[in-house]
Every structure is written in structure tokens, then in C-alpha cells.
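The opening residue of the sequence shown carries number 4 in the numbering used here; numbering runs sequentially from there.
Notes to accompany the following structure.
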Amino acid sequence: MMHADVLVVGTGIAGLSFAVRLAERCPEKQIIMISKRDLLESNTKYAQGGIAVVSNFTNDSYADHVDDTLKASDYTSDPDVVDFVVREGPKRVQELMDWGAQFDKKGTSLHLGKEGGHSAERIVHHKDQSGLHIQHALIAKARSLPNITFFENFSLVDLITDHHLSTTAHGKCYGAYVISIEDERIVKITSQLTVLSTGGAGQVYAHTTNPNAATGDGLGAAYRAKVRVENLHFVQFHPTALFPKVDGNTFLITEAMRGVGGVLRNIDGEAFMKDYDERLDLAPRDVVSRAIHSEMKKHQTSHVFLDATNIDKSKLQQEFPNIMATCLDIGIDITKAYIPVLPAAHYICGGIDVNEHGQSSLPGLYAIGECSHTGLHGANRLASNSLLEALVYAARAAEHAANTLSEPLLPKSFFDAIPAWLGTEDVSNERVKRISLLRQELQGIMSQHVGIVKSGESLRQAEKALHDVYMSTKALYQEDKLTPQLTTLRNLVSVAYLMIKQSQKYTKNKGVYFNQDYV
Ligand SMILES: Cc1cc2nc3c(=O)[nH]c(=O)nc-3n(C[C@H](O)[C@H](O)[C@H](O)COP(=O)(O)OP(=O)(O)OC[C@H]3O[C@@H](n4cnc5c(N)ncnc54)[C@H](O)[C@@H]3O)c2cc1C
């Protein structure tokens, strides 16, 4: 077993910036961070566009950023949350730069990109690899702090709550059971405070911009611990993922490319966005994704095109070197040929319900970053507002945690008495294959029935098909040894179930949610 003052599950921008701030604020407190893969692997690593933040007060204002956020959400965001996130943004981005992140400059000012739904240029970025650069900077900063200990390749199994106790209950979260990906050992990590920063759940779908590890594990564990999880029916699809997959992964073509003049064209080469929205190619993502979905259906094609041939070659080389290189690898010179694209699951607007300090409904448990539901995004996230949200809430949660840790805490003997996880039998190869097939089956169900356009009937079919996957998963869970693959499958099933049930309860079309029965 291990014990820490704070356990942070997840090392993306949310978990790392939380830990750095808390470690500096409370140098005597011990923080353990775990990540499912290496420290770098996360949704953050793949963020291209950057962070939406007001920094040029001549052409932009807090009021405009607030308005754009509310408008993108179809006026379903919480206005108070939007206001403080937008206003605290500049301080958090400055802090990130103080910790070592460097963003592109134009003269002495920050170079600002523009993305769909934004009325001004306000995206702070590092070429087209903003997230990778931020991750490197944060990891280096966190590694320099002696009171943060990292455990890579450990996956969350379950949160430790009263349910696991044989002693007096306090109605709190007491840490987590985690499993080693390498040797499948289950370890008990107890803590005074626990933070979930486990990121997204795009892997619920067959086509997603999220990496393989984005399986909604924090959401699944929270749901099993009876923590409130909300708004999972608001799934944002990114309109322009590269088609086909590259090395088995769906590669994103950033919206910033449409910000500098990229044009969407259907299979016949016609620019079609004029038929859907007056903001054309820079309409919000839900509008563009539905337009592409409709064009693909109309022309019976698996993709449309993004035309970047009209953009100055030096601009493409300067601002999108990674996209240019990736497309070239699969034989597409984007200065001369159209890029084949399709929408892919990108961002879960909902998550673990939290208050303004990132506290969940379970005392002692915080949730920050993409796995949380703060009220910022409502029914639809404005582009590049998620890195911003992660930074602002990580700082708020760290301040709150620092104050909580200065109050009387539970004695170490209490944590020692929490039982270890009970082990089970060995796993057969047959079973590993079965788990992988069930995962693919679930992704197929969600893509076919719970995608960009839903209906009452499609949701019913999804519920029925998912039930079979659930029963098979349950049987595996009860019969055999727990493995990282099985815990992941169990979480995917929980997230898919919540997405379907919450979709069925939502009886209007708002933001990214579109049910054709309500047109
Ligand atoms: C391709 C792409 C491009 C994007 N571009 C932008 C952009 O330009 N601007 C923007 O604002 N947003 C963008 N986003 C969204 C944004 O990147 C994410 O919302 C944000 O990075 C989430 O940060 P996070 O810290 O909450 O989670 P993540 O960065 O996803 O980190 C999650 C962490 O949790 C760990 N974890 C997960 N499950 C477990 C488990 N079971 N046990 C232990 N650890 C676990 C992972 O290993 C990882 O360390 C993009 C997303 C993608 C996928």
C-alpha cells in the first residue's frame, strides 16, 4: 500500500498544473500522481490549436469572450462560471509561461490564432503542437518539485469509499485502488484528498481524435462510487479529422486551418457551408459537423474535403508543419491537393459534477479538466476553451485543497485499516481476445446509434445492444482476474450507458445534441 496527502489520477494539463501549484503552495505535503500510460500520453498532448484567452485588449474583451462562449453553448452554459473562467484565464496562461511554456510571438506580443465561434483572434498557441509543448513544460516543472512522486503505467480501478470500510465511516473518498499495467498487481493508495483528472472518453466511439487511453475511467469510477455525473449526452464531434486513420489513430486537422482560409468542399468539389450557416466554414463545430454528416449522407461518401490549396504555402509551413508532414506521409501534399476529412468524437462536454472549487458531490474528491462538468461548456464547448477550463479549475481546486489540508485530517491508522484489494485467478489469452472484441462491439454500437444525429429508435437499439455487452462484461468481471483491459471495458460500458440514458431524458435539440425526432 501507499499513502499520500493527495492522490492525483491523471497527468494531463489539469492534473499536472494542479500538482505543481499545490506542491509549491504546500512543500511539506506529499502528492502522488498516477498515469495510465507514460506521463506525456493524454488528450493534452494532441491539442493543436491552443488556449482561448483574452490578451489583446485593443481588439478583444472579456465581454466578447464571454458572449462567444455563451453563444456556442446555445446559452446553456452557467454565466457565472463563464465569467470567472474568462477573467482568470490571462493569469493562468501567464503562470504557465512562468513555469516554462513558450507561445508563438508576433513582435513582442503573443501571436493569436482564430477558431470557429470566436469573434476575435485570441488563441495562444505553440505552432500546431500547443498541447505537446505544454505537457513537456509542465512535466519538467513537476519533476523539479521534490514532493511530487510519479507512478506511470498504473490505472485507476475504483475509488476507495465507505463501501470498502470495515471501520467507522466518514462519508468521504479515501484514495483509490489502482492496477499496474505491467504486472497487473493491484495497489491500494490512500490519501486525505483525491483528484480525478483522467481526461476524455472519446474511445467510446469508433472514430475519435482521442488517444487509446481516453476511455472515461474517471467517469466510470465516479459513477460506481455514486458520485454525480452529468451532461454526458453532450458529445462534441470535431468536424475535420483526417480520413483514413494513420497508424490506427484518427488524426485531427485543426480548426485554425479554416481560421486562415481553409474551405470545406463536398465530393464534387463544391464549397457547401454557404447552404448551412452564414458564418460559413467558421460556424461552431456542431453546425459544421452536422453539415458534413448531411453532405456525406447526400452523396453517399465516407468523407468530404478540406481545401487548403488557397492558403499561402509559407503560412502553412510556418503554422501547420505537423499537419503538412502527417498528410505528406500518406501521400497528400496539402498545398496542391484537398485533404479528405470526416467528423470524429472529440470532446465530452459533461462529466463529474463539480462546484466552483472543483469539488465533486463526494467529500474529499475533486474532478478537474475534461472529466469534470463545471458548467462552462453547457451543451457545446467553444473551441480551445477546454485547456483554459483545465488551468482555471486546477488552480482553484489546488487553492481549496491547500486550505483543506491545513485543517485537522484523518489519522494514518484509519487509512492503514482499509483492506487491500482481494485478488483472483489468472487470465487466459482467449479472454484477452474476448475483451478486445467487446470493446469494438461497444464502439460500433455508439457510432451507429448514438452519433452526431440520434433518434428515439436509435437510442432504443443502442440500449438493447449495450445490455448484451454489459452482461458479457459483468460475467468476465465476476468470473476472472481483474486486468487493466477489463477495468477499461467496464468503464466504457458505464460511460456508454450514461450517454444513452441521459440522451433519452433530453427532449430538445441544443448545442451538440441533435435528435431528429425533435426537428
Ligand atoms: C486531438 C485533440 C486536439 C485538441 N485541441 C485542443 C485545443 O487546441 N485547445 C483546447 O482547449 N482543447 C483541445 N483539445 C481538448 C483538450 O486537449 C483536452 O480537453 C484537455 O487536454 C484535457 O486535459 P485533462 O488534463 O483533463 O486530460 P488529459 O490531457 O486527457 O489527461 C488525462 C490523464 O489521465 C490519465 N488517465 C486516464 N485514465 C486513467 C486511469 N484509468 N488511471 C490512471 N490515469 C488515467 C491519462 O494517462 C492522462 O495522464 C483537443 C483534444 C484532442 C484529442
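Each residue gets a CB set at the ideal place from its N, CA and C atoms; glycine is no exception.
- Asp-101 sits in a helix when the DSSP states are folded into three classes.
- DSSP places Met-5 outside any alpha helix (DSSP H); the residue lies instead in the beta strand (DSSP E), whose first and last residues are 5–12.
- A distance below 9 angstroms separates the beta carbons of Gln-206 and Gly-219.
- By the C-beta density criterion, Pro-414 is exposed, having fewer than 16 other C-beta atoms within 10 angstroms.
- Burial is judged here by how many other beta carbons sit within 10 angstroms of a residue's own beta carbon; Thr-61 has fewer than 16 and is exposed.
- Remark: the C-beta of Cys-330 is outside contact range of ligand 1, defined as less than 8 angstroms to any heavy atom.
- Only exposed fits Thr-152, as fewer than 16 other CB atoms lie within 10 angstroms of its CB.
- Leaving aside the five residues that flank Asp-81 on each side, the residues in its chain whose CB is nearer than 6 angstroms to its CB run, in chain order, Gly-378.
- Unbroken alpha helix (DSSP H) runs of no fewer than 4 residues, entirely contained in the region 98–159, are found at 133–146, following chain order.
- Residues of the same chain with a CB within less than 6 angstroms of the CB of Leu-148, apart from the 5 flanking positions on each side, are Ala-26 in chain order.
- As a beta-bridge residue in DSSP terms, Pro-343 pairs with Phe-308.
- Judged by beta-carbon spacing, Gly-353 lies beyond the 9 angstroms limit of Ala-400, meaning their Cβ atoms are not closer than that value.
- Only residues of its own chain outside the window of five on either side were considered, and among them Glu-155 have a CB closer than 6 angstroms to the CB of Asp-41, listed in chain order.
- Residue environment for Gly-13: buried (at least 16 other C-beta atoms within 10 angstroms of its C-beta).
- Each of Arg-293, Val-89, Gly-367 was checked against the Cα of Ser-194, and the nearest Cα belongs to Gly-367.
- The beta carbons of Tyr-396 and Lys-457 sit no closer together than 9 angstroms.
- Ranked by Cα distance from Gln-488, the options Glu-185, Ser-76, Asp-67, Gly-454 are led by Glu-185.
- Per DSSP, Val-57 is not a residue of any alpha helix (DSSP H), being assigned neither H nor E.
- Taking 9 angstroms as the cut-off, the Cβ atoms of Leu-391 and Val-96 count as close.
- Taking each of Leu-162, Ala-405, Ala-386 in turn and checking the Cα distance to Thr-72, the smallest one comes out for Ala-386.
- Apart from the 5 residues on each side of it in sequence, Ala-17 sits with its Cβ closer than 6 angstroms to the Cβ of Ser-200, Ile-371, Gly-372, Ala-393, Ala-397 in its chain, given in chain order.
- By the criterion of a C-beta distance shorter than 6 angstroms, Arg-231 is surrounded in its chain by Asp-356, Ser-364, once the five residues flanking it on both sides are discounted.
- In this structure, the straight-line span from the alpha carbon of Lys-318 to that of Glu-98 is close to 29 angstroms.
- Here Ile-37 really is in contact with Val-181; their C-beta atoms are around 6 angstroms apart, less than 8 angstroms.
- Relative to ligand 1, the beta carbon of Pro-287 is positioned no closer than 8 angstroms to any heavy atom.
- Under DSSP, Phe-240 forms a beta bridge with Ala-348.
- According to DSSP, residue pairing for Gly-178 in a beta bridge involves Thr-193.
- By the Cβ neighbour-count rule, Thr-170 is exposed, with fewer than 16 other Cβ atoms within 10 Å of its own.
- Of the residues assessed, Lys-504 falls on the exposed side of the cut-off, its CB having fewer than 16 other CB atoms within 10 angstroms.
- Non-local C-beta neighbours of Met-5 in its own chain, meaning closer than 6 angstroms and more than five positions away in sequence, comprise Ile-192, ordered along the chain.
- Per DSSP, reduced to three states, the secondary structure at Glu-31 is coil, with no helix or strand assignment.
- In this structure, DSSP gives His-376 an extended state, which the three-state scheme calls strand.
- The region 282–339 is shown to contain whole beta strand (DSSP E) runs of 3 or more residues at 307–310, in chain order.
- Remark: the shortest separation between the CB of Gln-51 and any heavy atom of ligand 1 falls under 8 angstroms.
- Distances taken from the Cβ of Lys-39 to the heavy atoms of ligand 1 include one shorter than 8 angstroms.
- A distance criterion of 8 angstroms places the beta-carbon of Ser-387 in contact range of ligand 1, judged by its closest non-hydrogen atom.
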